[in-house]
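Asker: Before anything else, here's the structure in question.
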Amino acid sequence: MKIRCDSLWRVWSVAIISVLVAGTSNTNAAEDELSELRADLSKIKQRILKPLLQPVSATTARGLMASLRPDGSWPDIDYEDRTRSGWKTPSHLSRVSVLTRAYKSPGSELCGNQALRNSVHSSLDYWLDHDFQNSNWWWNRIGVPKSLHPVLLLLEDELAEGQRNKALKILSRASIGMTGQNLVWVTEIVAVRAILERDPELAATAYRRIAGEIRIATGEGIQPDFSFHQHGPCLYNHGYGAAFVADCSRIAAQVSDTRLAFPPEKVAVLSSLILDGSQWMARGGASDFGAEGREISRPGQSVRYLGTAAQNMLSVTTDRSQEFQQLAARAADEEAPPLVGNRHFWRSDMMVHHRSGYYTSARMFSRRIANTDQPCNSEGLKSHHIADGCNLVMRTGREYYDIFPVWDWQKIPGTTVEQRPQLDGSPRRQGERTFVGGVSDGTYGLAAFDFSRDDLASRKSWFFFDDEYVCLGAGITCPTENSIVTTLNQCHLVGDVAVCEDGVIRWLARESHDLDQPAWVWHDQIAYFFLQPAQISLRNAAQQGSWQQIALRYSDSPISRDVFALWIDHGTRPQDATYAYCVIPGINLPADAPLASPAVTVLANTPQLQAVRHENQKIAAMAFYETGSANIRPDLTVGVDTPCLVLLRETPERMTISVSNPTNEEGTAIVEVSKRLRGEGVETSEGQIGSRITFNLPDGIFAGRSVTRSWKTE
């Protein structure tokens, strides 16, 4: 077949032109994408700069200028300091930041001042020329770059080439990697470096990597129950988790409505960490110190970050805006609905309980989770017993604020502890038992702790109701000669303390007291009722200590605080000792009348079964450490075929049962009740009044979570 050359050329020409057009189109699209990314980076940069450009004190800036030496250093900063944790030298960069903000802020009295400009560049050059580093990697890869990059963003348009190169070298020590909050820190530094280098592709990589860390994890990071772990299986919602929430919410707001915005599913996970996790571990502005890790030894701990995070999230598209508005209002002490409910964090061995008038929690640990962090950088030196059944109670949120330097760390609220001459070794350890957990229906809850530490063993449980909660201990055994103590509370002393003995109320002088089987003790509108006879010790007096005793970076200056401490002394070598008490917050003590006894009944308090019934609320809760049954009342018995936790609620027409396996293992639990129930999953026998229900318990990452079901009663 003969083909004409001109026809063939036309075919080739069309093909070549098509390829060239397609290539040009692709190139144009890529250029458009880069152009749009650059515009987004400019928008993000302006959002980063906005808070940095708020006016700063001219008086402060002038003071720093006056004390600055000709070489750009300050005489009161120790540039030879090599402390790993509280490294003092980077305070230089904090001062450079203050000067830079005063120089660049349009609302600043010194904005554009030439003398201030000279001080800014002189002090910046001093750091860049010396490039101070520390043996602790965190400062070099995170701390210093994080302090430096705001200065660089503010001064970007007037940095000399030498300054710029030296500064970018320091920022380059942060590289994308690690996990959890450490990843967020280093990757945000990379993103800022990309903005300074005008590298949209690197910025996109960094922001997407941060978004990628907002995920449900089984290692470090956000857990399936919205607790937060860092440094292995260690609860850290108000430590590393606080920084994670603060930074991720801020970055989410900075990149919103751009091509680098966090995907909706990432926003949903971050929202749940804040609203379903961290905010539940707080009361007002006070954090639950059981979720602070080693940061419990830092002064001024709070949850102010939650209010800021809520404001950040209101700038992001989310379907939980109303909840963030309420959180922001609560953080600002404005009118807002209080949190009310019960949450069990099965991944972290912690239960929290909120009512409008108070907050309480139970903090435990097991083979699955560590009790606290290592004393990294010599912090948290006395936190050995922080998860040995810690049970704090807060009404105002000020009960434990900065009390920790003067604390007796072997009398942490709620714990049962062998009183040794001193605390030795690292505070961190894994638990020895697996039966540690809780059952919750979202409103009420039961936490149970099969506790073992060295020679001491006990079984502890907490039953959380509306106006009160009950604390039980059984099987308390220890063969040593040291006293075993269960502490009810150790908090700031507020006002006077009253005790009721043999029906007589008396007010206690400020000193130590030994009480013989009192009915109750009252302090700061909280009543502690003893549900069985006990020898009680109480101290309402000053205690001394120093911050350096719990974190070496701080001062050894003596501190004194007035402290209320209340504990049960089980003596030495106890064998199967027990305790039972009820805590009722929000009680105003009548002038001359004894307090009414709580409407609770202890059904059992043995190593096999701990159970409580609330008479008015028609609730019964049972910790079955072994297979067995519990008599709730003459016409109601509950039995189980496996060790588990059971929470039962009754109304005139319905029965609701919640069940969990505190060992966090999959399987089933069969619950039998001596009452006729109607509904799905109920097995009954002809002529029998009882009902049998099989609960299929969660497995995998949800093992340990409660299952709640409800039926009509006959």
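Numbered by this note's numbering, the letters in the sequence shown go through residues 57 to 770 in order. Every residue gets a Cβ at the ideal spot worked out from N, C-alpha and C, and that includes glycine.
My parser needs the alpha helix (DSSP H) runs of 4 or more residues fully inside the segment 162-247; what are they?
Answerer: The segment 162-247 contains these whole alpha helix (DSSP H) runs: 170-186, 200-211 and 217-227.
Asker: Helix, strand or coil for TRP402? Go by DSSP, reduced to three states.
Answerer: What you label residue 402 is simply residue 346 of the sequence shown in a count that begins at 1. Coil, per DSSP.
Asker: Taking the straight line between their C-alpha atoms, what separation do you get for ARG732 and TRP576?
Answerer: Reading the sequence shown from its first residue, position 676 is the one you call residue 732. Reading the sequence shown from its first residue, position 520 is the one you call residue 576. Going from the Cα of ARG732 to the Cα of TRP576 covers about 40 Å.
Asker: Suppose you measure from the CA of VAL77 to the CA of ARG94; what does that come to, to the nearest Å?
Answerer: Position 21 of the sequence shown, counted from the first residue, corresponds to residue 77. Position 38 of the sequence shown, counted from the first residue, corresponds to residue 94. Confidence is the limiting factor: at VAL77 the pLDDT is only 48, short of 50, which leaves the residue's position unreliable, though a coordinate-based value still follows. So the alpha carbons of these two residues sit roughly 25 Å apart.
Asker: Given that a residue counts as buried once 16 or more other Cβ atoms are within 10 Å of its Cβ, and exposed if not, what is LEU479?
Answerer: Here residue 479 refers to the residue found at position 423 of the sequence shown. Exposed, since its Cβ has fewer than 16 Cβ neighbours within 10 Å.
Asker: Note the first and the last residue of the continuous beta strand (DSSP E) segment covering ASN747.
Answerer: As a working note, residue 747 is residue 691 in the sequence shown. Inspection of the sequence shows that residue 747 is occupied by Ser rather than by Asn. Residues 747-753.
Asker: DSSP state of GLU474, grouped into three classes?
Answerer: Indexing the sequence shown from 1 puts residue 474 at position 418. GLU474 falls in the strand class under three-state DSSP.
Asker: Looking at ASN538 and THR472, is the spacing between their C-beta atoms short of 8 Å?
Answerer: Residue 472 sits at position 416 when you count from the first residue of the sequence shown. Residue 538 sits at position 482 when you count from the first residue of the sequence shown. Taking 8 Å as the Cβ cut-off, THR472 and ASN538 do not qualify as a contacting pair.
Asker: Does LYS768 come out as helix, strand or coil in the three-state DSSP assignment?
Answerer: For this step, residue 768 is matched to residue 712 along the sequence shown. In this structure, LYS768 counts as strand in the three-state DSSP scheme.
Asker: Going by DSSP, what residue range makes up the beta strand (DSSP E) through VAL154?
Answerer: For this step, residue 154 is matched to residue 98 along the sequence shown. Element bounds for VAL154: not the beta strand (DSSP E) but the alpha helix (DSSP H), 147-160.
Asker: Return the first residue and the last residue of the alpha helix (DSSP H) that CYS304 is part of.
Answerer: One-based indexing of the sequence shown puts residue 304 at position 248. First-last of the alpha helix (DSSP H) with CYS304: 296-311.
Asker: Taking the alpha carbon of SER312 as the reference point, which residue from SER371, GLY551 and TYR292 has its own alpha carbon closest?
Answerer: The count along the sequence shown starts at 1 and reaches residue 312 at position 256. The shortest Cα separation from SER312 among SER371, GLY551 and TYR292 belongs to SER371.
Asker: How many Å lie between ASN368 and HIS294 at the Cα?
Answerer: Taking the first residue of the sequence shown as 1, we reach residue 368 at position 312. Taking the first residue of the sequence shown as 1, we reach residue 294 at position 238. So the alpha carbons of these two residues sit roughly 18 Å apart.
Asker: Could you name each continuous beta strand (DSSP E) segment of 3 residues or more that falls completely within the segment 602-689, going from the start of the chain to the end?
Answerer: Fully enclosed beta strand (DSSP E) runs of 3 or longer: 615-628, 633-641, 656-661, 665-670, 675-680 and 684-689.
Asker: Can the beta-carbon of LEU448 be found less than 8 Å from the beta-carbon of THR416?
Answerer: Here residue 448 corresponds to residue number 392 of the sequence shown, with the count starting at 1. Here residue 416 corresponds to residue number 360 of the sequence shown, with the count starting at 1. A contact, by the Cβ cut-off of 8 Å.
Asker: What's the gap between the Cα of ILE245 and the Cα of THR536?
Answerer: Taking the sequence shown and counting its residues from 1, the one referred to as residue 245 is at position 189. Taking the sequence shown and counting its residues from 1, the one referred to as residue 536 is at position 480. The alpha-carbon atoms of ILE245 and THR536 are separated by roughly 53 Å.
Asker: Between the Cα of LEU528 and the Cα atoms of MET450, LEU549 and ALA418, which residue gives the shortest distance?
Answerer: Taking the sequence shown and counting its residues from 1, the one referred to as residue 528 is at position 472. When only C-alpha atoms are compared, the closest one is ALA418.
Asker: Assuming THR416 is part of the beta strand (DSSP E), what are its boundary residues?
Answerer: Reading the sequence shown from its first residue, position 360 is the one you call residue 416. Where THR416 is concerned, the enclosing beta strand (DSSP E) stretches over 414-419.
Asker: Report the residue from THR683, ASP389, ARG689 and LEU704 whose alpha carbon sits nearest the alpha carbon of GLY695.
Answerer: As a first step, residue 695 must be located in the sequence shown, where it is residue number 639. Answer by Cα proximity: THR683.
Asker: Ignore the nearest five residues each way along the sequence and tell me which others in PHE758's own chain have a CB closer than 7 Å to its CB.
Answerer: Position 702 of the sequence shown, counted from the first residue, corresponds to residue 758. Same-chain partners within the cutoff: PRO280.
Asker: Should HIS410 be counted as a contact of the ligand MG given a C-beta to heavy atom distance under 7 Å?
Answerer: This structure simply doesn't include the ligand MG, nor any ligand for that matter.
Asker: Output the boundary residues of the beta strand (DSSP E) element that contains TYR525.
Answerer: Position 469 of the sequence shown, counted from the first residue, corresponds to residue 525. It spans 525-533 - the beta strand (DSSP E) in which TYR525 sits, taken as one unbroken run.
Asker: Between the C-alpha atoms of LYS160 and GLN310, what's the straight-line distance to the nearest angstrom?
Answerer: To locate residue 160, count along the sequence shown from 1; it is residue 104. To locate residue 310, count along the sequence shown from 1; it is residue 254. Spanning the two alpha carbons is a distance of roughly 20 Å.
Asker: Starting from the C-beta of ALA667, find all residues in its chain whose C-beta is less than 6 Å away, skip the five residues before and the five after it, and write them out in chain order.
Answerer: In the sequence shown, the residue the question calls residue 667 occupies position 611. Once the five neighbours on either side are set aside, the close Cβ partners of ALA667 are LEU659, ALA660, MET678 and ALA686.
Asker: Considering only their Cβ atoms, is the gap separating ARG350 from GLU435 smaller than 8 Å?
Answerer: In the sequence shown, the residue the question calls residue 435 occupies position 379. In the sequence shown, the residue the question calls residue 350 occupies position 294. Their beta carbons are under 8 Å apart, which means GLU435 touches ARG350 by this criterion.
Asker: With DSSP as the reference, identify every bridge partner of SER716, one or two as the case may be.
Answerer: Residue 716 sits at position 660 when you count from the first residue of the sequence shown. In the DSSP output, where bridge partners are listed per residue, SER716 has LEU701.
Asker: Tell me whether ARG66 is buried or exposed, calling it buried when 16 or more other Cβ atoms sit within 10 Å of its Cβ.
Answerer: Residue mapping note: residue 66 aligns to position 10 of the sequence shown, counting from 1. Note that ARG66 scores 45 on pLDDT, short of 50, meaning its location in the model is unreliable and no value can be drawn from it.
Asker: Compare the C-alpha of ALA554 against each of ALA565, TRP578, HIS548 and LEU544 and name the closest.
Answerer: Residue numbering aside, residue 554 sits at position 498 when the sequence shown is read from its first letter. Looking at the Cα atoms, TRP578 is the closest of the given residues.
Asker: Within 10 angstroms of its Cβ, does VAL242 collect 16 or more other Cβ (buried), or is it exposed?
Answerer: Here residue 242 corresponds to residue number 186 of the sequence shown, with the count starting at 1. Label assigned to VAL242: buried.
Asker: Would you tell me roughly how many angstroms separate the C-alpha atoms of PRO483 and CYS432, rounded to the nearest one?
Answerer: For the purposes of this step, residue 483 is taken as residue 427 along the sequence shown, with counting starting at 1. For the purposes of this step, residue 432 is taken as residue 376 along the sequence shown, with counting starting at 1. Cα to Cα, PRO483 sits roughly 11 Å from CYS432.
Asker: On the criterion of 16 or more Cβ atoms from any shown chain inside 10 Å, does LYS467 qualify as buried, or is it exposed?
Answerer: Locating residue 467 in the sequence shown gives position 411, where the first residue counts as 1. Its Cβ being crowded by 16 or more others within 10 Å, LYS467 is buried.
Asker: Rounded to the nearest angstrom, what separates GLN605 and ASP612 at their Cα positions?
Answerer: Along the sequence shown, one-based indexing puts residue 605 at 549. Along the sequence shown, one-based indexing puts residue 612 at 556. Cα to Cα, GLN605 sits roughly 7 Å from ASP612.
Asker: Under DSSP, the beta strand (DSSP E) around ARG515 begins and ends at which residues?
Answerer: Position 459 of the sequence shown, counted from the start, is the residue given in the question as residue 515. First-last of the beta strand (DSSP E) with ARG515: 512-520.
Asker: Can you name, in chain order, every residue of its own chain whose Cβ lies under 6 Å from the Cβ of ASP552, other than the five neighbours on each side?
Answerer: Here residue 552 corresponds to residue number 496 of the sequence shown, with the count starting at 1. Hits under 6 Å: TRP563.
Asker: Tell me whether the segment 633-646 and the segment 510-526 touch, counting them as touching only if at least three CB pairs, one residue from each stretch, are closer than 8 Å.
Answerer: Yes, they touch.
Asker: Less than 8 Å separating the beta-carbons of TRP402 and LYS438?
Answerer: Your numbering for residue 402 matches position 346 in the sequence shown. Your numbering for residue 438 matches position 382 in the sequence shown. No, the Cβ-Cβ distance between TRP402 and LYS438 is not below 8 Å.
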